[in-house]
Structure formats: C-alpha cells, structure tokens
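Working notes, beginning with the structure itself.
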Amino acid sequence: MDEPRKLQKDFASVELYWLPLGAGDASHCVRWNGRIFEAIAARRRHRQACDLYHSALIVHLGGDRHTIEMAPAWGDKQPDRGVISEGAVGLPWLGRSRFFRYEIRRWRNGTIPDIAEAVASPQRLSTDIVRARRLLDLVPAFPAVTWGRDELHAGEMWNSNSLTAWLLARSGHRTDTIDMPARGRAPGWSAGLIVAAVQDAATVVKATQAQDPHAGDLAQLLAAPR
C-alpha cells in the first residue's frame with residue numbers, strides 16, 4: 065500500500081459541533097420557544113438566561129465521514145440518510161405520527177443541516193481509531209426514549225445533547241474538557257452522561273459476577289431502569 069493511501073486508512077477524528085437552537089428555522093418558532101423555555105428555567109433557578117445549543121458529531125474514519133445527530137423524522141427527505149432508530153417526541157403515543165418522531169442518524173458521507181451556523185466549532189476531541197470506531201458502533205445501542213422527557217430518571221430531559229454526551233462518554237472520550245460556547249447551555253447533556261455512567265458501571269459489575277457472587281445484586285440495581 066502506498067504512503068498516501070496508508071495515511072488515509074489510518075486517519076481518524078471525532079469532531080463536536082454546537083448549533084444554536086433553531087438554526088435554519090425560517091419561522092423562528094423553535095428559537096422563540098427555546099428562549100421562553102430558558103427564561104422560565106433561569107427564573108426558577110435564580111440565574112441568568114443562557115443561549116441554548118444542540119450538538120452533533122462528525123466522525124472521520126479512513127476515507128469516510130460519518131455525521132451523527134438526532135433530527136426530526138419529518139425533516140430531511142433523502143432516502144439514504146443513515147437512520148438507525150426512531151423515538152417519540154413529547155409523549156410516547158404521539159410517536160405514531162412522523163411529525164412527533166425523531167430519528168437517530170449515522171449517515172456515511174452525509175451532512176449536518178445548518179452547519180454553517182455552528183458556534184465555537186468544530187472541536188476535535190480525539191484522533192484515536194479505536195475510540196472513533198467504538199463510537200460509531202455504539203449508535204444503535206442509544207436508548208431511544210421519548211424526547212423532552214426524563215423516562216430514565218436522569219434528572220434532565222432527553223434530547224440531541226443526550227445522544228452526543230452518551231456516545232462520547234461510552235466510547236471513552238473525555239467530556240470534562242469540552243468547551244461550551246460563551247454564555248451557552250446544552251439541556252440534556254448531563255442526562256446523557258449520567259445514563260452512560262450507570263450503564264458502564266453495570267457492565268463492569270456484571271463482568272465480575274463470576275469472581276464475586278455478591279456483585280450480582282449491585283449489577284441488577286445498576287442495570288435496572290431508574
């Protein structure tokens with residue numbers, strides 16, 4: 065194999081993008097609803113209101129680029145857009161309609177709509193091939209529970225930021241060094257980290273059951289829905 069092709073095969077990177085909530089929304093409905101939501105949340109917690117962001121990932125592996133994001137099921141109409149799974153929006157029964165469904169995309173050589181509006185992006189989080197491949201492999205395992213609710217009892221709503229944080233944490237990337245845009249906030253991010261930590265802990269405990277029979281009860285506790 066010649067040197068340029070070998071370098072391409074061995075190349076990997078994981079990049080994080082922060083997109084303002086409502087980017088590309090011509091009606092500005094999402095953006096204004098987000099501002100109302102944040103104003104109420106800030107008042108309840110006695111803090112200043114922040115700018116809200118949602119996140120997406122681009123993973124380069126070899127000569128391919130994979131875009132990973134949570135998006136409305138009624139949005140992009142391209143048939144081959146890498147849809148891995150779907151979930152309901154707002155309430156589980158609303159998911160019967162595609163207008164109240166989201167989809168998880170792992171889109172090979174795909175695009176992120178409105179990426180031109182990304183702020184403080186991209187942030188390259190790693191160039192490790194093993195972690196990049198593991199992140200891609202984990203996408204189908206993401207818990208596709210109801211968007212905007214806290215069905216996993218993580219203390220925060222489940223959304224696109226939960227997807228990004230969950231994937232990064234479970235694939236072994238450091239999340240404590242990630243920079244948010246100035247005055248920015250990413251609702252749902254902590255939920256993704258918490259659920260990932262619980263699942264990772266349950267995996268470790270289950271792996272020790274053969275050596276330690278007393279680990280069984282703890283494994284069941286960690287693995288059970290919260």
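Per the working numbering, the sequence shown starts with residue 65, numbered consecutively.
C-beta: ideal position from N, C-alpha, C; glycine also.
- Of Ile193, Gln187, Arg234 and Trp222, the smallest CA-CA separation from Ala208 is found for Trp222.
- Ser161 sits exposed, since fewer than 16 C-beta atoms from the chains shown fall within 10 Å of its C-beta.
- Judged by DSSP secondary structure, Ile176 falls outside any beta strand (DSSP E); it is assigned neither H nor E.
- In the pairwise beta carbon analysis, the region 245-256 is classified as touching the region 222-235: at least three pairs are separated by under 8 Å.
- DSSP places Ser226 in the uninterrupted alpha helix (DSSP H) bounded by Ser224 to Arg234.
- Beta-carbon to beta-carbon, Leu121 and Glu79 are separated by about 7 Å, close enough to satisfy the 8 Å threshold.
- The Cβ atoms of Ser224 and His118 lie closer than 9 Å to each other.
- Distance from the CA of Asp178 to the CA of Leu83, rounded to the nearest whole angstrom, comes to 8 Å.
- Residue environment: Arg108 is assigned as exposed (fewer than 16 neighbouring CB atoms within 10 Å of its CB, all protein chains considered).
- For the set Gly126, Cys114, Arg169 and Gly154, the Cα lying nearest the Cα of Ala135 is the one of Arg169.
- Note on Val194: under 16 other CB atoms within 10 angstroms of its CB, so exposed under the neighbour-count rule.
- Residue pairing by DSSP places Asp201 in no beta bridge whatsoever.
- Straight across, the Cα-Cα distance linking Arg198 with Ile148 is about 16 Å.
- If you draw a straight line from the Cα of Phe206 to the Cα of Leu125, it is about 20 Å long.
- Within 10 angstroms of the beta-carbon of Ala246 lie fewer than 16 other beta-carbons, which makes it exposed.
- In this structure, the alpha-carbon of Gln142 lies about 27 Å from that of Leu232.
- DSSP, read as helix, strand or coil, puts Ala255 in helix.
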